[in-house]
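**Student:** Protein chains in written order, with the UniProt record's numbering: chain A, 1 to 686; chain B, 1 to 257.
Have a look at the structure that comes next, please.
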């Protein structure tokens, strides 16, 4: 494989934002997740829990509620008082309607999916009608004294439960008046000065209202009489979220201590018909508040302030007991936030509101395998570029020669020219960018840094020629058929002839850059593409999908390569297919055409196409071949997949030159150290 | 007989009081006075004491001055007239001042508002739009900041459509600033409520480092704490020390040379 000097980079201070709301859509098995900085991500749970689409955040947007309505429409409402609809095809925000009630705290879609209910700061509950292209205000319900923090529809759509501060009201939808007002105790069988905030309510079809509040109680109320039926004290801190399954035989609650409890409707004795709600399983997968939970038919989904998205399949609901029933924790981003300029050894880090440019350090010492070499020159923080405006940065890129930086937000596109004199760096902005370049999903520079490729969110692909300090728009490839995906990836060959773009579900399109026309299309695969790259001399396109399949397609021949066909016939090793995190970057060695270097969050692998492929019985991860065995045995156990798990968690790994690698790690402890304070826990013996 | 200290007569005191207004009058009086006192002095306020004393001396020897009723009456009338005049003059001055200030304010206000043409257009347009937008009256207030922010912001599309029908110039967006302030303050109040209920007083929160060290405490072999150094301790002291060191180095360099 060769010897490499590895730059271990840990100064990328990446802290993801906490998860605020989660909404599960049953028909398409998709999960919409909204974070505290306003980003909304859509995960496809059947495509190996891969993040398909995302909508970038905004500083003034503080989403408090997210819900799916009929026809795969996604709505969100927040503290800025507006209800927003997201266009999942065009990947932008369709419109925003002001509810005129102040900050919106909760939102619920009716069981039929045609009406939307919104609970506001001033205590009013507003009903909106969902029309094919917009939402229309219908009427107000009776106004309550304090803010409405949680809402829930009765499955028949006739009644509504609204949780507020210290009380829960039950409304009748037809008349809009409050039928019952149930006062919640401030403390479990006691008195307290702090107000009891009802964080979540759920309405069951038999008329039971389940409420969770800030005193740590889960209470069952009868909505016909307005009385308390049962009360469970489950935590010393707030219980912040509740989600009920569709069959109404189980529900899940999340607490501020990070514990998620599963309640099930269980018969009292084994052959009786009477059932009762019993707290069955506690799960402790979070360290901080669990602010949102969702219940899919087979799994419990939870997310909170500690930024992990945890999906726990329930063993009794899972049909086949294979690796699909394991716990999934999504912590690291599914797309690349780092770009690298190999010539000047620069790294560009993308944050939500700024970019950082660092120059790697250098060393003159040498050593053996496994040594840590001392730095003779430290890494340099060259540039801290803040974006103007409240919007988040969608994507960014630095050219391989290091003289151009480009990044895009929803409304603007920025291009900067860098000049290096000795050790100083000066920045100059290229003004007057054309309007069609904004809201780019992916930006890529060609190898010789003369061309810029921009994939916009409408599906169009633009080629811009860069020269000196100015640019010229060369060509725009129009969108092809198929639904647009946000994980639009671009790859360009090192000779600059071919450009591959995966933006639609119709497959990966390969364009001829010199002749400016479509060359061929790689056949569509039903899992989304997670990484793509074109090999330097052979012009083979290597594609990695979210189900961990890797394909190699020869662009000049317009067909899959022989090696790829062999791999597909034999199939990948089962441990390779059971990896949790998607492959986010693929690169190649300039002098060794048989090597493919790829990495995901917990391993990096060099695939040697000249060695035999492993079958399911061989050991996949064998870092040190046995030296005391004979040569024959060593040759038998060696296989094509050379995996190393030394550097993890990896955010980015690339080959700088023939003998150097750069690995950007982000230890989980460093992320946790910058999170908000958690609830104090008392442990025996401390 | 007790020698009463003679009181200062009316004539010299009145002359002092009216020294700034009625200069010729005082002079006239002084002239009259001078006849009695034998002191042709103008500007009696300059040396009142001496005059009094001298007047006192004079008065001790001579008889009190004799003034005819007519002259005294005339004097009194003159005084009153003068007083009235000053009062009216003051009043007119104040009135003028007030008038000028009012005009200034009206001008400033006018400068702030848009030209009448646009205002007219907007008021007529808003009347027609009243049915479409219940409960929201728009006043035009050109703000460059809003324009920049709203240009590319899709969430304000609704407002843009309403303004477009009014003016041909579609490059700006009219937003009522009062509503914006109200909305921001409400949003801040809402965020303060959430912060208070989750992290405020009464909640049982601890720092992340203490939380992570809890697991550490029960381990048989103790590890280092997650946040071993407290970088926020003694910041001021460290800054002072740095400054002192720099200055000391400079001084050392100077003395060395």
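Just so it is clear, CB atoms sit at the ideal spot from N, CA and C, and this is done for glycine as well.
Note that the structure is predicted; figures quoted are calculated from it, not measured.
Grab me the residues of residue 602(A)'s own chain with a C-beta within less than 8 Å of its C-beta, minus the 5 sequence neighbours each way, in chain order.
**Tutor:** Counting only Cβ-Cβ distances below 8 Å, and skipping sequence neighbours, we find 579, 580, 581, 645, 648, 649, 650.
**Student:** In three-state terms, what does DSSP make of residue 109(A)?
**Tutor:** Three-state result, residue 109(A): strand.
**Student:** Considering only the alpha carbon of each residue, which of 229(A), 239(A), 510(A) lies closest to residue 221(A)?
**Tutor:** Per the Cα distances, 229(A).
**Student:** Out of 341(A), 616(A), 335(A), 310(A), which one is the CA nearest neighbour of residue 326(A)?
**Tutor:** Here the closest residue by C-alpha is 310(A).
**Student:** Do the CB positions of residue 696(A) and residue 376(A) come within less than 8 Å of each other?
**Tutor:** Outside the modelled stretch of chain A, which goes from 1 to 686, sits residue 696(A), for which no answer is possible.
**Student:** Could you tell me which residues DSSP puts in a beta bridge with residue 594(A)?
**Tutor:** For residue 594(A), which the question treats as bridged, DSSP gives no partner whatsoever.
**Student:** Measuring CA to CA, which of 178(A), 246(A), 170(A), 247(A) is closest to residue 211(A)?
**Tutor:** Out of 178(A), 246(A), 170(A), 247(A), 170(A) has the C-alpha closest to the C-alpha of residue 211(A).
**Student:** In the DSSP assignment, the beta strand (DSSP E) including residue 92(B) goes from what residue to what residue?
**Tutor:** First-last for residue 92(B): 69-112, but that is the alpha helix (DSSP H), not the beta strand (DSSP E).
**Student:** Once DSSP output is grouped into helix, strand and coil, what is the label at residue 196(B)?
**Tutor:** Note: residue 196(B) maps to helix in three-state DSSP.
**Student:** How would you write the range of the alpha helix (DSSP H) that residue 574(A) sits in, first residue to last?
**Tutor:** From DSSP, the alpha helix (DSSP H) with residue 574(A) extends over 574-577.
**Student:** At a CB-CB cut-off below 9 Å, which residues of chain A make contact with residue 217(B)?
**Tutor:** Under the 9 Å cutoff, chain A gives 683, 685, 686.
**Student:** Where are the beta strand (DSSP E) runs, 3 residues long or more, that stay fully inside the segment 282-325 of chain A, in chain order?
**Tutor:** Whole beta strand (DSSP E) segments, 3+ residues: 292-295, 299-303, 309-313.
**Student:** Using a Cβ-Cβ distance under 8 Å, would residue 211(B) count as near chain A?
**Tutor:** So, interface residue.
**Student:** DSSP three-state label for residue 607(A), please.
**Tutor:** In the structure shown, residue 607(A) sits in a strand (DSSP, three-state: E or B).
**Student:** For the alpha helix (DSSP H) containing residue 566(A), name the first residue and the last one.
**Tutor:** From DSSP, the alpha helix (DSSP H) with residue 566(A) extends over 562-570.
**Student:** Apart from the five residues just before and just after residue 273(A), which ones in its own chain have a Cβ nearer than 8 Å to its Cβ?
**Tutor:** Contacts found: 267.
**Student:** Using Cβ-Cβ distances below 7 Å, what residues of the segment 135-169 of chain A are close to chain B?
**Tutor:** Residues: none.
**Student:** Alpha carbon to alpha carbon, how far is residue 58(A) from residue 535(A)?
**Tutor:** In a straight line, the C-alpha of residue 58(A) is about 38 Å away from that of residue 535(A).
**Student:** Expressed to the nearest angstrom, what Euclidean distance is found between the alpha-carbon atoms of residue 462(A) and residue 652(A)?
**Tutor:** When rounded, the distance between both Cα atoms is 26 Å.
**Student:** Measure the C-alpha to C-alpha separation of residue 614(A) and residue 543(A) and round it to an integer number of angstroms.
**Tutor:** Spanning the two alpha carbons is a distance of roughly 20 Å.
**Student:** Which residue or residues does DSSP assign as beta-bridge partners of residue 695(A)?
**Tutor:** Examination of residue 695(A) is not possible in this model, given that chain A is present from 1 through 686 alone.
**Student:** For residue 338(A), which residues of its own chain have a beta-carbon under 8 Å away from its beta-carbon, when the five flanking residues on both sides are left out?
**Tutor:** Hits under 8 Å: 12, 347, 348, 349, 350, 651, 652, 664.
**Student:** Which residues, in chain order, does the segment 194-209 of chain B contribute to contact with chain A at a C-beta distance below 8 Å?
**Tutor:** Listed in sequence order: 197, 198, 199, 202, 203, 204, 205, 206, 207, 208, 209.
**Student:** Nearest to residue 133(A) by CA position, among 456(A), 446(A), 93(A), 122(A), is which residue?
**Tutor:** It is 93(A) whose Cα lies nearest to the Cα of residue 133(A).
**Student:** Taking all protein chains shown into account, decide if residue 573(A) is buried (16 or more other Cβ within 10 angstroms of its Cβ) or exposed.
**Tutor:** So residue 573(A) ends up on the buried side.
**Student:** Name the DSSP bridge partner or partners of residue 451(A)?
**Tutor:** DSSP, once it has assigned bridges, lists 465(A) as partnering residue 451(A).
**Student:** Is the beta carbon of residue 395(A) less than 8 Å from the beta carbon of residue 458(A)?
**Tutor:** Contact: no.
**Student:** My output table needs one value for residue 267(A): the three-state DSSP class, helix, strand or coil.
**Tutor:** Note: residue 267(A) maps to strand in three-state DSSP.
**Student:** Along chain B, in chain order, which residues have C-beta atoms closer than 8 Å to that of residue 80(A)?
**Tutor:** Result: 183, 187.
**Student:** With distances taken from CA atoms, which of 258(A), 265(A), 207(A), 248(A) is nearest residue 216(A)?
**Tutor:** The option with the nearest alpha carbon to residue 216(A) is 258(A).
**Student:** Three or more C-beta pairs under 8 Å: does that hold for the segment 236-249 of chain A against the segment 663-677 of chain A?
**Tutor:** No: fewer than three Cβ pairs fall under 8 Å.
**Student:** Just reading off the beta strand (DSSP E) that residue 182(A) is part of, what are its end residues?
**Tutor:** Note, residue 182(A): beta strand (DSSP E), 178-183.
**Student:** Going along the chain, which residues of its own chain have a beta-carbon closer than 6 Å to the beta-carbon of residue 183(B), five neighbours each way excluded?
**Tutor:** So the list is empty, once near-sequence residues are dropped.
**Student:** Should residue 432(A) be flagged as near chain B, meaning a C-beta pair shorter than 8 Å?
**Tutor:** No, no contact with chain B.
**Student:** Under 7 Å Cβ-Cβ, which residues of chain B neighbour residue 680(A)?
**Tutor:** Going along chain B in sequence order, the residues near residue 680(A) (Cβ under 7 Å) are 204, 205, 206.
**Student:** Who are residue 51(A)'s beta bridge partners in DSSP?
**Tutor:** Its beta-bridge partners are 43(A).
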